[in-house]
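Structure first, commentary second.
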Amino acid sequence: MNLYKYASPAAFYSLAGKLIPWFAIPAVVLFAAGLYIGFFKAPTDFQQGDAYRIMFIHVPAAWMGMMLYVLMALYAGVGWAFNARLASMMASSISVTGALFTLLSLITGSLWGKPTWGTWWVWDARLTSTLILLFLYVGFLSLQAAIDEPKRADRAGAVLAIVGVVNVPIIYFSVQWWNTLHQGATIRILGKPSIAPVMLAAMLTMLAACWLYSVAVTLARVRCIIMERELNASLINDN
Amino acid sequence: MTWSEFFHMGGYAYYVWGSYLATLIIIGGEVFSLVRRKRKLATQPGRASTLPRGRAK
């Protein structure tokens, strides 16, 4: 199979269509499984009571916000450097889902902060840098929306996306670098996680579901973008 | 554990269910807007014929 074929948006259009159910269906199953483990198997936390159950969506949403940003910047960079239209379209497609997950992490974080810290919001390092991440996404989206010519829009978006990547490690390490109200990392790259295995299982299942979901919606959106940008009937009908 | 205890969430019902409601709205909204965007493309005059019928073969 010639994989380079799929660098062409028209060829990728049909491939993406075939792939969507393979991500969407497992996503639904894993969301259900993660919620089941999180609400029926995981015990009440001895410190935070049941409020900690917000974690099962809050942590995956925050991770998705960061990881999708890096992925978006990579695609935008490849699209810019190699003049690859499909990569730029993928960056545009990812940006919406990434922005939504970042927004969700801020909302759920706020709903978790109120009962545990006594406040909806504090200008602390973790929260502020995550808000900046949301602004970077919004900036990327508005920049793309403001420029009519796709090629120029992609280039401008790529510059913003790549410069903004510097914010991601700042978010990640903010809990170590600054004194913060936000609790430390639950999962550490080295060393044992700081939560019970069943809670960890629920969270990782939800994370996997969020990943699969993100791939499915990104592919569905990139199909729309391909359609909107290149309406070359012959190209798409040919496969 | 009874169902009413379950929905009560140890007194944190608003926060916990609020979080999952927000999740539902955001994910549901994204899926809904994508379906609408796709449908709009398919029904645009002159474009209908360019869409492969159904999902790609």
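Sequence order for the protein chains is A and B. First residue of the first sequence: 1, per my numbering; consecutive thereafter. First residue of the second sequence: 1, per my numbering; consecutive thereafter. All C-beta atoms in this analysis are idealised placements derived from N, C-alpha and C, irrespective of residue type, glycine included.
For residue i versus residue j, is the C-beta spacing smaller than 8 Å?
i                 : j                 : result
His-182 (chain A) : Asp-124 (chain A) : yes
Val-60 (chain B)  : Asp-50 (chain A)  : Residue numbering for chain B in the displayed model covers 1 to 57; residue 60 (chain B) lies beyond these limits and cannot be assessed.
Tyr-213 (chain A) : Ala-27 (chain A)  : yes
Met-64 (chain A)  : Cys-210 (chain A) : yes
Leu-111 (chain A) : Ile-94 (chain A)  : no
Thr-205 (chain A) : Ile-25 (chain A)  : no
Ser-174 (chain A) : Arg-126 (chain A) : yes
Ile-20 (chain A)  : Ala-208 (chain A) : no
Leu-219 (chain A) : Ala-16 (chain A)  : yes
Thr-44 (chain A)  : Leu-68 (chain A)  : no
Ala-32 (chain A)  : Ile-162 (chain A) : no
Trp-80 (chain A)  : Asp-154 (chain A) : yes
Pro-115 (chain A) : Tyr-20 (chain B)  : no
Phe-12 (chain A)  : Tyr-4 (chain A)   : no
Leu-59 (chain B)  : Glu-228 (chain A) : Any answer about residue 59 (chain B) is impossible in this case: the structure gives chain B only from 1 up to 57.
Cys-224 (chain A) : Arg-39 (chain B)  : no
Should residue i be flagged as near chain A, meaning a C-beta pair shorter than 8 Å?
i                : result
Ser-4 (chain B)  : no
Arg-55 (chain B) : Low confidence applies to Arg-55 (chain B): its pLDDT is 47, below 50, so where it sits in the model is not reliable, and the reading given next is rough at best. Arg-55 (chain B) counts as touching chain A.
Arg-37 (chain B) : yes
Thr-23 (chain B) : yes
Thr-43 (chain B) : no
Gly-10 (chain B) : yes
Gly-28 (chain B) : no
Rounded to whole angstroms, how far is the Cβ of residue i from the Cβ of residue j, which I believe are closer than 8 Å?
i                 : j                 : result
Gly-157 (chain A) : Leu-143 (chain A) : 6 Å
Ile-132 (chain A) : Asn-179 (chain A) : Rounded, the Cβ-Cβ distance is 19 Å, inconsistent with contact.
Ala-42 (chain A)  : Val-198 (chain A) : 5 Å
Phe-40 (chain A)  : Arg-53 (chain A)  : Contact doesn't hold; Cβ gap of about 11 Å is too wide.
Going by DSSP in three states, residue i sits in which element: helix, strand or coil?
i                 : result
Gly-77 (chain A)  : helix
Gly-49 (chain A)  : strand
Ser-194 (chain A) : coil
Tyr-12 (chain B)  : coil
Val-165 (chain A) : coil
Ala-84 (chain A)  : coil
Leu-181 (chain A) : coil
Tyr-13 (chain A)  : helix
Pro-60 (chain A)  : helix
Trp-17 (chain B)  : helix
Pro-43 (chain A)  : coil
Trp-123 (chain A) : coil
Met-89 (chain A)  : helix
Glu-228 (chain A) : helix
Met-72 (chain A)  : helix
Met-1 (chain B)   : coil
Ile-27 (chain B)  : helix
Thr-240 (chain A) : For residue 240 (chain A) there is no data in the structure shown, the boundaries of chain A being 1 and 239.
Ile-147 (chain A) : coil
Ser-95 (chain A)  : helix
Gly-118 (chain A) : coil
Ser-8 (chain A)   : coil
For residue i, which residues of its own chain have a beta-carbon under 8 Å away from its beta-carbon, when the five flanking residues on both sides are left out?
i                 : result
Thr-130 (chain A) : Ala-62, Gly-65, Thr-102, Ser-105, Leu-106, Gly-109 and Ile-171
Thr-119 (chain A) : Gly-113
Taking Cβ positions only, does residue i come closer than 8 Å to chain B?
i                 : result
Val-217 (chain A) : yes
Trp-63 (chain A)  : no
Trp-178 (chain A) : no
Pro-115 (chain A) : yes
Trp-112 (chain A) : yes
Gly-49 (chain A)  : yes
Glu-149 (chain A) : no
His-182 (chain A) : no
Ala-196 (chain A) : no
Arg-126 (chain A) : no
Ala-220 (chain A) : yes
Arg-229 (chain A) : no
Thr-97 (chain A)  : yes
Ile-25 (chain A)  : no
Thr-102 (chain A) : no
Near residue i, which residues of its chain fall below 7 Å by C-beta distance, leaving aside the five closest residues on each side in sequence?
i                 : result
Met-55 (chain A)  : Met-203
Val-78 (chain A)  : Ala-84 and Ala-87
Gly-139 (chain A) : Leu-160
Pro-60 (chain A)  : Met-203, Met-206, Leu-207 and Cys-210
Sorted by chain position, which residues of the same chain lie with C-beta nearer than 6 Å to residue i's C-beta, five sequence neighbours on each side aside?
i                 : result
Tyr-75 (chain A)  : Ala-87, Met-90 and Ala-91
Ile-226 (chain A) : Pro-9 and Tyr-13
Val-122 (chain A) : Leu-181
Ala-146 (chain A) : none
Ala-201 (chain A) : Ile-37
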